[in-house]
Each structure stands twice: as structure tokens, then as C-alpha cells.
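Residue numbers (this note's numbering): 799 to 1237.
Take a look at the structure set out below.
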């Protein structure tokens, strides 16, 4: 969410940014919110003047009451008339003040709703394009090998190890759920444990957050469109199931003033994630690729504004390092303007190589949100000079199985159906160096 003062002083820049994001339907919102802001400030000014006048009238009545007690019978009517006139003026004044205060509340609510819809200012380095088809490949890491044997669909690989049961999950929970079992379930947890320790070794603090959050936190961490498309609400309560632990991890700092000496906040969190995943998807997004429930290790950073781009580069590079340690080739893909969520300043995807499809697919998403989440959540930092400012927030996927398992299984599958376990993962798999299929 933008600062109202910034928008008021830079309406053309805000409109140009909206155009870069291909959201022309939002252009009228800029003029509308500026008009409402002017009317709101006028109401605030009038209310301030009315309060000052009320105080002056009340103050003036003090001496009059004193004079009334000492006055002669001839003087009392005139003094009483003045007191009555002042009190009538105070009453009229208070009625108008109540109207102004009501207007202030109405204007502020309307302004807040509009400001939630106006996208954040994107970084100048972001490529301009209408949708993900305009995302730009930046760099590849590792050799994307072509298979010399047929690689089955990922659930077929898992079934060879008796490692997945989609039918039972369908009977119990419906489409978009799964049972993982045996070595595949163990592999799933091994990847999460390795990712946890990987981030701890980078200096991050491990955290297990709440898996449900209040509506004001949801509004603070994500755009309205994303909220409607993703979040499951608990019926009858002000609680939502998290779509990613970033939501509750950033929400941890709501309404807080953080001493500058405690920055940066670097946290890595485990959580289950719950998503509606509305819409139809292609055949390659069946199985455990696009599901309603999954587990994830996340990293978040809260830092000084001048440090956020340095952290952004560190964070996506750590994703590359982790996937390469698991023998998975990846590439970095810069997200274009039209593919950025409204709160994001800059974002990139890390995509893993799929030997079966012979193309890359998303496994991580790294985002710099500037001060948008901090402003929405009223997160502040107190500098060493005593000044208060807004921090920047960033997030990135460390690893999100079971989708990540697709890349892992395809890239480590052998012609005989076995799956190699990279050295870094073996301590989490009881020392196993290879998985042998049961079927």
C-alpha cells in the first residue's frame, strides 16, 4: 500500500506505474482517492477549528459564572444571557463537530479501501510485460540433461514405491489432496528437515508459526485478489488458514515498533499451507503438483530499506544453492510487471528442470515488498536517532514439497527405476543412498 502523501504529490508517477502493470481500469482510483483525501483533510481542519472554538467558549464561561455569583439582581440577567448564548453556541458547535468526525471516519474508510487496490511502485529493473509470458530468464544453474529413458508421471514414480495414494485421499477429502507413505513420505520430511537446517546454517532463526490468522493480518500481508483466490476462512470466526507461513511470520510484527538494533529480522519457518487453487489446470498440474494442502519451509526478512535489495539477491541465490545441492538444475526467472502481485516491488521465480516435460517449472518465489506490508500492518522501526520509519519485508520459498519432490524424483531417477539420494540428504534418510522401487 502506498503512502497517501506520496500519492498526493506524485499522481502521474502512480498512474504510470498502474499502466506498467496493465491495470488501466484502476487509473480513475487515483483521482478519486485524491478527491476524497482533500475532502477528508478539509473535514479534519474544520473539526480542529471547532474543537478550538468549543474550548474558547467553555473557557469564556468560567469567569462569567464567577461574575454571576457576585452580580447584583440588575446585572444577573445580562450575564446569564451571555452564558446561555455561549452554551447554545457550544451545543451547535458540538453537533457540527460530530458531523465532521463522522465524515472523517467515512472518508478514511473509503480512502483505505481504495489504497488497498492501488499497486505498489515497481522497481525500475522490473521488465515490462502483461503476464507471465513476458517473464525473463536471467541465468541457468546446472546442466539440464535430456533423459535417455522414459520418465513416468510423478505419481507413477511414487506408486512404484507404494508412496502415494490419491484415490484414498479423494474418498476422504476430495480432489487436491494426497496420502504420502513409506520412503516417499520419509523423503518429503527429509527435504523439509534439510531445508530447515540449511537456513539455520545461514544464520536464520527457526520458527513454527500459527497456522491460522485474523482477517486484519490477511489484509496486511496480501492483496484482495490474492486473498479471495487463495484463503480458506473458518466459518463463524475471524480466522483464516494460512496459504504460506509468510502470512503469519510477517504478521508477527503487526502494530510493533522494532528497535533498529534488532534489524535485520531473519526467520525461517515451517508450516502446512492451505490454498483454494481455483480454476482449471493442465494435465501436468495433476497429481501432487497443484493441491489444496502442502508443507513448506519459508524464509522471511525484515530489514532497513537500504538493505532490502541486498537481501533479495542473497535469498534467491540460497534457493539456487539448495536445489543444486540436491542435483536439480534450476534457472532464475525475472517476473515482469504484469505478473507481480500488487504489493510487490520486485520478484523472481526459481524454476526446476523437469526431464519428463523437458522444460522448467516453478519451485520457489522470491519477493521484495518494500514497505507495503509494513504500512498495512503498522510495523515500524525506531532508529538510533529516535526517528520512526517503515522497514522493508521480503520472503522466499526455501522448499515446498511435494511439488519439489517432482523435480527431485525426475532428476534423480535411474533407468532401473531406483532413485539416488544426494549426499546432503542421506543423514535425513537413515543413511540411505538409493531408494529401490517395490513395484
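Backbone N, C-alpha and C fix where the C-beta goes; we use that ideal spot for every residue, glycine too.
Note that the structure is a prediction, hence the values are computed from the model and not measured.
Here the alpha carbons of residue 1231 and residue 1053 stand approximately 48 Å from one another.
Within the same chain, 802, 831, 834, 835 and 838 come within 8 Å of residue 909 by CB-CB distance, once the 5 residues on both sides are set aside. Partner residues in the beta bridge of residue 1010, as assigned by DSSP, are 1039. DSSP places residue 1192 outside any alpha helix (DSSP H); the residue lies instead in the beta strand (DSSP E), whose first and last residues are 1190 to 1197. Residues 1129 of the same chain have their beta carbon placed closer than 6 Å to that of residue 938, with the five preceding and five following residues left out of the count.
Buried is the label assigned to residue 1158, since at least 16 other Cβ atoms lie within 10 Å of its Cβ. Ranking 1064, 1178 and 843 by CA distance to the CA of residue 1002 puts 1064 first. Looking at the DSSP output, residue 1095 bridges to 1068 and 1197. Straight-line spacing of the CA atoms in residue 1199 and residue 1026 works out to 24 Å. Within the model, the alpha-carbon separation for residue 811 versus residue 1098 is close to 29 Å.
In this structure, the CA atom of residue 1070 is about 50 Å from the CA atom of residue 895.
For residue 1166, the enclosing beta strand (DSSP E) has its first and last residue at 1157 to 1166. One thing to note: residue 1040 has its Cβ within 8 Å of the Cβ of residue 1009. Distance between residue 930 and residue 1136, taken at the CA atoms: about 7 Å. For the pair of segments examined, the segment 1140 to 1158 was found to touch the segment 939 to 950: the number of CB pairs separated by less than 8 Å reaches three.
About 5 Å separates the beta carbons of residue 912 and residue 827, which is inside the 8 Å limit, making them a contact pair. Under the DSSP assignment, residue 1003 falls in the beta strand (DSSP E) whose first and last residues are 1003 to 1005. Assignment of residue 1063 by DSSP, reduced to helix, strand and coil, places it in the strand class.
Within the DSSP secondary-structure output, residue 1147 pairs in a beta bridge with 1131 and 1163.
Distance check between residue 1112 and each of 1085, 1138 and 1166 places 1166 closest, using alpha-carbon atoms only. Take the alpha-carbon of residue 1190 and the one of residue 1143: they are about 10 Å apart. Rounded to the nearest angstrom, the gap between the Cα atoms of residue 1216 and residue 1051 is 46 Å. For the set 916, 1225 and 1234, the Cα lying nearest the Cα of residue 987 is the one of 1225. Counting along the chain, the unbroken beta strand (DSSP E) around residue 1056 starts and ends at 1055 to 1057. According to the DSSP assignment, residue 1173 belongs to the alpha helix (DSSP H) that extends over 1170 to 1175.
One alpha carbon belongs to residue 849, the other to residue 889, and they sit about 12 Å apart. In terms of Cα proximity to residue 1192, the closest of 990, 1108, 804 and 1206 is 1108.
Burial check for residue 1094: the Cβ neighbour count within 10 Å reaches 16 or more, so the residue is buried.
Beta-carbon to beta-carbon, residue 1126 and residue 1205 are separated by about 5 Å, close enough to satisfy the 8 Å threshold. Taking a C-beta distance under 8 Å as the contact criterion, residue 841 and residue 902 qualify as a contact pair.
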